[in-house]
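Structure, as structure tokens:
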Amino acid sequence: MAQVKDPICGMTVDSERTAFKGSYDGQMVYFCSASCQKRYAATHKSA
Ligand SMILES: [Zn+2]
């Protein structure tokens, strides 16, 4: 179990359980919800 921080809302997310994650600028980023991921993706390049 790994706790990481959602960069959009600051909420703590379990990186192994969340369905909302993606690689941006070569780094894996985790989110609490699809809307947070969408907001992040709007300003960061998916890679
Ligand atoms: Zn969030």
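If you read the sequence shown in this note's numbering, its first letter stands for residue 703, the second for the next number, and so on.
Using N, Cα and C, we set each Cβ at its ideal position, and we do this for glycine too.
Residue 746 has its alpha-carbon roughly 11 Å from the corresponding atom of residue 728. Ordered along the chain, residues surrounding ligand 1 are 708, 710, 711, 713, 733, 734, 735, 738 [Cβ under 6 Å from any heavy atom]. Annotation: residue 723 to residue 739 spans about 7 Å, alpha carbon to alpha carbon.
As a beta-bridge residue in DSSP terms, residue 729 pairs with 726. One Cα belongs to residue 714, the other to residue 706, and the distance between them is close to 6 Å.
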